[in-house]
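In this note's numbering, the protein residues as written are 842 to 1170. Ideal placement from N, C-alpha and C gives every residue a C-beta, glycine not left out. Scroll down for the structure; my scribbles are underneath it.
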């Protein structure tokens, strides 16, 4: 976390008696509290001596020199409470685990659809079970959170009887009530509304590249227009007024993260290159970095992929990565 300093006051001392580091005007203590580091609650205890205080009884002569006292505000920060929805999914599990591992920075929460999913990721008390299609089921999970990471998505199923040995192409369908319209649009809208009502400070929404093309093959899966509904939810978030980051990830791979150079783009430009995939673990790390509420990531939408392993330099500076993006949608 970046170290910041805040100027607390200015003192005037005689220039002929001033020594660096010897100002005795005041002592400042910064208590741990929920107050953000940009405006810490400060308590002052006067340790002013008569010989150095401008309010002292002894009269100064000669020129006066202005001295500023600064204090670190980083110590006042409390861990951010972050809710991951879809925490039972393959990417959601990684995000939830990363947040848990960084308990000095985050208090992790999860929202899953079934008790089985809760048990799969540990079954802790901070994992809620609820259906995102039901606004009332979401409300308990979002209370008191600072940030929300949305990783829910409609999942197609393969129709039975597929035989690849015959050169057949698989066919997919969505279960009744679990179409992209219900999950990726209504379900995500419900989450955004609930988070806004709870006063959340940041929402990270993970979607997919390809939404600029209505004829994208993903839209034909189950004839359900999954990217159309995802895009509708993204637009709703962008119009909500809540600080947001929209991640449109490339093809997700179950590979090790942190060993590739990440690339960002907009309007599906990356799909015109050979770098159209990304490890789930890298998407998860980007989510965690954005949950830190970095200014460079706020009010932005980005396409995300990576260079092939062994090329480029593994991405470590996420502020610089987000700074490359200017697109709000």
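For residue i, the first and last residue of its enclosing beta strand (DSSP E)
{"i": "residue 1088", "result": "1085-1090"}
{"i": "residue 1099", "result": "No beta strand (DSSP E) contains residue 1099, which DSSP labels as neither H nor E."}
{"i": "residue 1144", "result": "1141-1147"}
{"i": "residue 989", "result": "988-991"}
{"i": "residue 1062", "result": "Residue 1062 -> no beta strand (DSSP E), and no H or E assigned at all."}
{"i": "residue 926", "result": "921-926"}
{"i": "residue 1159", "result": "Per DSSP, residue 1159 belongs to no beta strand (DSSP E); it is in the alpha helix (DSSP H), 1159-1164."}
{"i": "residue 950", "result": "947-953"}
{"i": "residue 1044", "result": "1043-1049"}
Closest by C-alpha distance to residue i, when choosing among the options
{"i": "residue 1019", "options": "983, 974 and 1043", "result": "974"}
{"i": "residue 1045", "options": "1008, 1127 and 965", "result": "1127"}
{"i": "residue 963", "options": "980, 941, 1165 and 1145", "result": "941"}
{"i": "residue 1085", "options": "1154, 961, 998 and 1134", "result": "1134"}
{"i": "residue 998", "options": "1104, 1077, 1094 and 1063", "result": "1063"}
{"i": "residue 918", "options": "1100, 946 and 1141", "result": "946"}
{"i": "residue 928", "options": "966, 992 and 980", "result": "992"}
{"i": "residue 944", "options": "1151, 1167, 1002 and 1129", "result": "1129"}
{"i": "residue 1108", "options": "1094, 1076, 1037 and 1142", "result": "1142"}
{"i": "residue 1093", "options": "1075, 1152 and 1116", "result": "1116"}
{"i": "residue 1110", "options": "1150, 1168 and 1066", "result": "1168"}
{"i": "residue 1074", "options": "1047, 1159 and 1151", "result": "1047"}
{"i": "residue 977", "options": "920, 1002, 1039 and 1010", "result": "1039"}
{"i": "residue 1150", "options": "1102, 1161, 1055 and 1007", "result": "1102"}
Residue i and residue j closer than 8 Å at C-beta
{"i": "residue 948", "j": "residue 988", "result": "no"}
{"i": "residue 1120", "j": "residue 1096", "result": "yes"}
{"i": "residue 1000", "j": "residue 1013", "result": "yes"}
{"i": "residue 1089", "j": "residue 1049", "result": "yes"}
{"i": "residue 990", "j": "residue 925", "result": "yes"}
{"i": "residue 1144", "j": "residue 1098", "result": "no"}
{"i": "residue 995", "j": "residue 1034", "result": "no"}
{"i": "residue 1155", "j": "residue 1104", "result": "no"}
{"i": "residue 1091", "j": "residue 1118", "result": "yes"}
{"i": "residue 1032", "j": "residue 1087", "result": "no"}
{"i": "residue 1076", "j": "residue 1140", "result": "no"}
Extent of the continuous alpha helix (DSSP H) to which residue i belongs
{"i": "residue 1069", "result": "1067-1079"}
{"i": "residue 1129", "result": "1121-1132"}
{"i": "residue 968", "result": "Here residue 968 belongs to no alpha helix (DSSP H); instead the beta strand (DSSP E) covers 968-970."}
{"i": "residue 1033", "result": "1029-1038"}
{"i": "residue 1023", "result": "That residue, residue 1023, is in no alpha helix (DSSP H); it is neither H nor E in DSSP."}
{"i": "residue 940", "result": "931-942"}
{"i": "residue 976", "result": "976-983"}
Anticipated Cβ contact below 8 Å, residue i with residue j, distance rounded
{"i": "residue 1071", "j": "residue 1052", "result": "6 Å"}
{"i": "residue 935", "j": "residue 1132", "result": "Actually they are not in contact, since the Cβ atoms of residue 935 and residue 1132 sit about 13 Å apart, beyond 8 Å."}
{"i": "residue 1138", "j": "residue 1163", "result": "4 Å"}
{"i": "residue 922", "j": "residue 985", "result": "6 Å"}
{"i": "residue 1066", "j": "residue 1021", "result": "7 Å"}
Quiz item: Are the stretch 970-985 and the stretch 941-954 in contact at 8 Å, needing three or more beta carbon pairs?
Solution: yes
Quiz item: Does the stretch 1076-1091 come close enough to the stretch 1055-1063 that 3 or more CB-CB pairs lie under 8 Å?
Solution: no
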